[in-house]
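Student: Those protein sequences? They're chains A and B, same order as listed.
Position in the first sequence (first residue = 1) + 854 = the working numbering.
Position in the second sequence (first residue = 1) + 854 = the working numbering.
A virtual CB, placed ideally from N, CA and C, is assigned to each residue, including glycine.
There are 2 protein chains.
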Amino acid sequence: MDKDRKRKTIYDLAVLAEASPSAVSSVLNGTWEKRRISKKLATKVLRIAEEQGYHLNAQASLLRRDRSNIVGMIVPKYDNRYFGEIAEQFEAKARARGMFPVITCTQRDPDLEFEAAKELVAYQVECLISTGATDPDRIAAFCRAAGVQALNLDLPGQDAPSVISDNYTGARDLTRLILDRCQSDLGWHGALRFVGGRLSDHNTAARLRGFLDAHAALGLTVPEAFIKATGYSASAAWSSLQDFSPSGPAGIFVNSTISLEGVVRWHSELGSEARHVRYGCFDWDPFGKFLPGNVGMVEQDVSAMLEELFTRIGTPQAAGAPTLIPCKLRAF
Amino acid sequence: MDKDRKRKTIYDLAVLAEASPSAVSSVLNGTWEKRRISKKLATKVLRIAEEQGYHLNAQASLLRRDRSNIVGMIVPKYDNRYFGEIAEQFEAKARARGMFPVITCTQRDPDLEFEAAKELVAYQVECLISTGATDPDRIAAFCRAAGVQALNLDLPGQDAPSVISDNYTGARDLTRLILDRCQSDLGWHGALRFVGGRLSDHNTAARLRGFLDAHAALGLTVPEAFIKATGYSASAAWSSLQDFSPSGPAGIFVNSTISLEGVVRWHSELGSEARHVRYGCFDWDPFGKFLPGNVGMVEQDVSAMLEELFTRIGTPQAAGAPTLIPCKLRAF
DNA sequence: CTGAATTGCTCAATCGATTGCGCAAAATGT
DNA sequence: ACATTTTGCGCAATCGATTGAGCAATTCAG
């Protein structure tokens, strides 16, 4: 039918049902009993709506309503299990609470992050969650001005409540595990190298502290040259190891699964020397367990982080210190 | 300020700027030159908007405009690189074309898929892309009724144009690679096993055809018991191999990275027998290259698929045969 | 059989931005 | 000085759904 070219509205249905637009509206949004519409008319309207392929215009509906129920999230990447799980679970938990989740991926680009935040605010999100954002405070400030609740996940900020992993403890435990395995597998006791991330990044800094403290507790000192926080790409991790050709036992703390890709490549290119190398990685991946030399991974507790996050949504609070969620150490 | 509790509107700005709402609107949406608003007033309005933390109400704007520029996509999961890349690139390419992308993840749940499709249509998407949907035709039918363009990605449907990988050729080439490597590495020539996926699924069926044809071309027949398309989970793949303890050379075609997780686990539990096993996987993962026994992976050309998809957006066409995008074989 | 309560529905304002139309004032031409 | 054009802006309708208020018809109480 040619008239199908225009989307149907409640006014179209009202004509067909020989009723008023308000009656149609209340039938369609479920308030018809409260508004004392007869079951007969309700049934008729629903039938006609079905026949006509009617669907709500959310823009019109949201414009009139006082609440949008939309919760927005920005995530940097979908290229690892951690952010993938955050996105999946955020959507699921939001739906379970009757909210409408909208996620957008910002490629670790600060400007895109900010643009995306503005777009989400324009879409009337009631709460905006910045996940792993490079500049969460810029977004929080913008949200404050727009009267939108802001929250930070994974990376903390000063201007909004933050839920993050207990990076320090996770890193300390992982470091200890790698050191132990170097001892038991290789009969070697020495300082590990730290590969990946950026020291300006809160999480990397916290993990480095845990890394160093675990060494100190065992009487080990880490030479400064062992700290190679050269960024978040696989190739950067690989490059940073090009000057390192272990002639004896060695161990590495890898700061993310992306960096792990580079470390594993380096490791595979070592040839027979690879058997003297042990490493572990902060962040989990299902294939990690099967990579030669990998002794364990830290899995961040995404579910717990999001549960904690959702307790904050809808109840604005001051920023305060970040809430720390314990990680799970997976030893292989 | 207390009045900040309500979001600012163009009417608020109009009062502050001593101008009309229409002038304010045209300044803010960039049509002020066309409407012959003086630069002086434009500057003033922009300054006040900035000061007041004004942001557009997209609902109101979209209600009035004739086009939304929103493109919607549903994806089943974010737990592998393939869908992750699809999501990332879809967002990037949509933005580059001035569209607003909205992606939602439906957990391979047919009902959730349909609910999500309805929600996206309510948000006035101009085009809805069903990625890897279990029932794309149901969604396409709904879109048709609502007057929204529908497209399928990754898995084809009858009721909307589809862009998918050339699964047949990719699988045939991968099968050939595994067979070759079994010959060269193990000096063995024999039928492979096929693990993962579901035969009712178009892609699995196409891949199985390629798998069988590659065997036939080399004069090999595959016993029916070698076909273990038992679903999409790692544990199902693992379980399906529990009755298989190779006492000699063996090879496996793995139908997805998720299934690969199960196969690799099985492989790692084989002990010393594992050295006689070779496998390859349809779909790519950065760690795949380093998994013992893995001889190669098929990388689907996400970028090409999406480019093809975007040529379709905005120019509705009949369904027709799926467009096939060649895959890239990565031999290790 | 009359007044009160209930039922079933409609009217009209409203949400915030957009846009065709039109009107004064200023600038320009002659 | 007068006619014409240009500049600068405001008015009011509109998009589609929601909702408080209210009206007529029906049912009920006594």
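1. If we ignore side chains and look at the alpha-carbon of each, how far apart do residue 1077 of chain B and residue 1056 of chain B end up?
2. Check the C-beta distance from residue 1036 of chain B over to residue 1103 of chain B and give it rounded, since I have them as a contact under 8 Å.
3. Taking residue 1107 of chain B and residue 1047 of chain B to be in contact with their CB atoms under 8 Å, please state how far apart those CB atoms are, rounded to whole angstroms.
4. With burial defined as no fewer than 16 other Cβ atoms inside 10 Å of the residue's Cβ, what is the status of residue 1075 of chain B: buried or exposed?
5. Per DSSP, which residues does residue 1104 of chain B bridge with? Please list them.
6. Taking residue 1015 of chain A as the reference, give the member of A/999, A/991, A/1030 with the closest Cα.
7. Cutting at 6 Å between CB atoms, please list the residues of its own chain near residue 1054 of chain A, excluding the five before and the five after it.
8. What are the boundary residues of the beta strand (DSSP E) that includes residue 985 of chain A?
9. In chain order, what residues of the segment 1096-1108 of chain B put their CB closer than 8 Å to some CB of chain A?
10. Can you name the start and end residues of the alpha helix (DSSP H) that residue 1173 of chain A belongs to?
11. Just how far apart, CA to CA, sit residue 862 of chain A and residue 1174 of chain B?
12. Excluding sequence positions up to five away, which residues of its chain have a Cβ less than 6 Å from the Cβ of residue 1017 of chain B?
13. Write down every uninterrupted run of the beta strand (DSSP E) in the segment 1004-1071 of chain B whose length is 3 residues or greater and which is fully enclosed by it, in chain order.
14. Are residue 1168 of chain A and residue 1132 of chain A close, meaning C-beta to C-beta below 8 Å?
15. Please list the partners that residue 907 of chain B has in chain A, where partner means a Cβ-to-Cβ separation under 7 Å.
16. So, under 8 Å CB-CB, residue 1029 of chain A and residue 1059 of chain A are touching, yes? Tell me the CB distance rounded to an integer number of Å.
17. Listed in chain order, which residues of the segment 1116-1136 of chain B have Cβ atoms closer than 9 Å to some Cβ of chain A?
18. Beta-carbon separation of residue 1139 of chain B and residue 1111 of chain B under 8 Å?
19. Count Cβ pairs between the segment 972-985 of chain A and the segment 996-1003 of chain A that sit closer than 8 Å; are there 3 or more?
20. Kindly indicate which three-state DSSP category residue 903 of chain A falls into: helix, strand or coil?
21. Excluding the 5 residues preceding and the 5 following residue 1187 of chain B in the sequence, name in chain order all residues of the same chain whose CB lies nearer than 6 Å to its CB.
22. For the beta strand (DSSP E) that residue 954 of chain B lies in, which residues bound it at each end?
23. If you measure between the beta carbons of residue 1082 of chain B and residue 1049 of chain B, is that distance less than 8 Å?
24. Looking at the strands, I want to know which residues DSSP matches up with residue 1185 of chain A.
25. Show which residues of chain A have a CB atom less than 9 Å away from the CB atom of residue 973 of chain B.
26. Going straight from the alpha carbon of residue 930 of chain A to that of residue 874 of chain A, what length do you get?
27. For residue 1084 of chain B, collect the residues of the same chain with a Cβ closer than 6 Å to its Cβ; drop the 5 residues on either side in sequence, then sort them by chain order.
28. So what's residue 1002 of chain A in DSSP terms, helix, strand or just coil?
29. What distance in whole Å lies between the Cβ atoms of residue 938 of chain B and residue 938 of chain A, which are believed to be in contact at a cut-off of 8 Å?
30. In the DSSP assignment, find the unbroken alpha helix (DSSP H) run with residue 1076 of chain A in it and report its ends.
31. What three-state label does DSSP hand residue 891 of chain B in the structure shown?
32. Determine the chain B residues that contact residue 977 of chain A at a beta-carbon separation under 8 Å, and present them in chain order.
33. Does any C-beta atom of chain B lie closer than 8 Å to the C-beta of residue 1140 of chain A?
34. Look up residue 858 of chain A in the DSSP assignment and say whether it is helix, strand or coil.
35. Per the DSSP calculation, residue 1136 of chain A is bridged to which residue(s)?
36. Confirm, please, whether the CB-CB distance from residue 917 of chain A to residue 914 of chain B is below 8 Å.
Tutor: So, from the listed chains and residues:
1. Within the second sequence, numbered from 1, the residue matching residue 1077 of chain B stands at position 223. Within the second sequence, numbered from 1, the residue matching residue 1056 of chain B stands at position 202. Rounded to whole angstroms, residue 1077 of chain B to residue 1056 of chain B spans 21 Å at the Cα level.
2. Along the second sequence, one-based indexing puts residue 1036 of chain B at 182. Along the second sequence, one-based indexing puts residue 1103 of chain B at 249. Contact flag correct, Cβ pair sits at about 6 Å.
3. For the purposes of this step, residue 1107 of chain B is taken as the residue at position 253 of the second sequence. For the purposes of this step, residue 1047 of chain B is taken as the residue at position 193 of the second sequence. Contact flag correct, Cβ pair sits at about 7 Å.
4. Here residue 1075 of chain B refers to the residue found at position 221 of the second sequence. Residue 1075 of chain B should be labelled exposed.
5. Your numbering for residue 1104 of chain B matches position 250 in the second sequence. Per DSSP, B/1131.
6. What you label residue 1015 of chain A is simply residue 161 of the first sequence in a count that begins at 1. For the residues A/999, A/991, A/1030, the minimum Cα distance to residue 1015 of chain A belongs to A/991.
7. On the first sequence, position 200 is the one that residue 1054 of chain A refers to. Taken in chain order, the list of residues that qualify is empty.
8. What you label residue 985 of chain A is simply residue 131 of the first sequence in a count that begins at 1. First-last of the beta strand (DSSP E) with residue 985 of chain A: 981-985.
9. none
10. Here residue 1173 of chain A refers to the residue found at position 319 of the first sequence. Looking at the DSSP string, residue 1173 of chain A is not in any alpha helix (DSSP H), and its letter there is neither H nor E.
11. One-based indexing of the first sequence puts residue 862 of chain A at position 8. One-based indexing of the second sequence puts residue 1174 of chain B at position 320. Cα-Cα distance, rounded: 28 Å.
12. For this step, residue 1017 of chain B is matched to residue 163 along the second sequence. Same-chain partners within the cutoff: 1007, 1159, 1162, 1163, 1177.
13. 1016-1019, 1047-1049
14. For the purposes of this step, residue 1168 of chain A is taken as residue 314 along the first sequence, with counting starting at 1. For the purposes of this step, residue 1132 of chain A is taken as residue 278 along the first sequence, with counting starting at 1. Going by C-beta atoms, residue 1168 of chain A is not nearer than 8 Å to residue 1132 of chain A.
15. As a working note, residue 907 of chain B is residue 53 in the second sequence. Simply 999, 1000.
16. Counted from its first residue, the first sequence places residue 1029 of chain A at position 175. Counted from its first residue, the first sequence places residue 1059 of chain A at position 205. Wrong, their Cβ atoms sit about 15 Å apart, outside the cutoff.
17. 1118, 1119, 1121, 1122
18. In the second sequence, counting from the first residue as 1, residue 1139 of chain B sits at position 285. In the second sequence, counting from the first residue as 1, residue 1111 of chain B sits at position 257. Contact: yes.
19. yes
20. As a position in the first sequence, residue 903 of chain A is number 49, starting the count at 1. Residue 903 of chain A falls in the helix class under three-state DSSP.
21. Because chain B in this structure spans residues 855 to 1186, residue 1187 of chain B falls outside the shown range and cannot be described.
22. Along the second sequence, one-based indexing puts residue 954 of chain B at 100. Residues 954-959.
23. On the second sequence, residue 1082 of chain B is found 228 positions in, with the first residue counted as 1. On the second sequence, residue 1049 of chain B is found 195 positions in, with the first residue counted as 1. Taking 8 Å as the Cβ cut-off, residue 1082 of chain B and residue 1049 of chain B qualify as a contacting pair.
24. Translated into positions along the first sequence, residue 1185 of chain A becomes position 331. In DSSP, residue 1185 of chain A forms a bridge with A/1150.
25. Here residue 973 of chain B refers to the residue found at position 119 of the second sequence. Chain A residues near residue 973 of chain B: 912, 954.
26. Against the first sequence, residue 930 of chain A aligns to sequence position 76. Against the first sequence, residue 874 of chain A aligns to sequence position 20. Taking the straight line from one Cα to the other gives about 48 Å.
27. As a first step, residue 1084 of chain B must be located in the second sequence, where it is residue number 230. These residues qualify, in order along the chain: 1090, 1094.
28. Walking along the first sequence from the start, residue 1002 of chain A turns up at place 148. In this structure, residue 1002 of chain A counts as coil in the three-state DSSP scheme.
29. Sequence index remark: in the first sequence, residue 938 of chain A carries index 84 (1-based). Sequence index remark: in the second sequence, residue 938 of chain B carries index 84 (1-based). Contact holds; Cβ gap of about 6 Å.
30. The sequence position of residue 1076 of chain A within the first sequence is 222, counting from 1. No alpha helix (DSSP H) contains residue 1076 of chain A, which DSSP labels as neither H nor E.
31. Position 37 of the second sequence, counted from the start, is the residue given in the question as residue 891 of chain B. Three-state DSSP puts residue 891 of chain B in coil, outside helix and strand.
32. Taking the first sequence and counting its residues from 1, the one referred to as residue 977 of chain A is at position 123. Near residue 977 of chain A (Cβ distances below 8 Å), the residues of chain B are 912, 913.
33. For the purposes of this step, residue 1140 of chain A is taken as residue 286 along the first sequence, with counting starting at 1. Yes, contact with chain B.
34. For the purposes of this step, residue 858 of chain A is taken as residue 4 along the first sequence, with counting starting at 1. Summary for residue 858 of chain A: the model assigns pLDDT 49, below 50, so the residue's position carries little reliability; its value from the coordinates is reported in the next sentence. In the structure shown, residue 858 of chain A sits in a helix (DSSP, three-state: H, G or I).
35. On the first sequence, position 282 is the one that residue 1136 of chain A refers to. A/1152.
36. Reading the second sequence from its first residue, position 60 is the one you call residue 914 of chain B. Reading the first sequence from its first residue, position 63 is the one you call residue 917 of chain A. It is a contact, given that the beta carbons lie within the stated cut-off.
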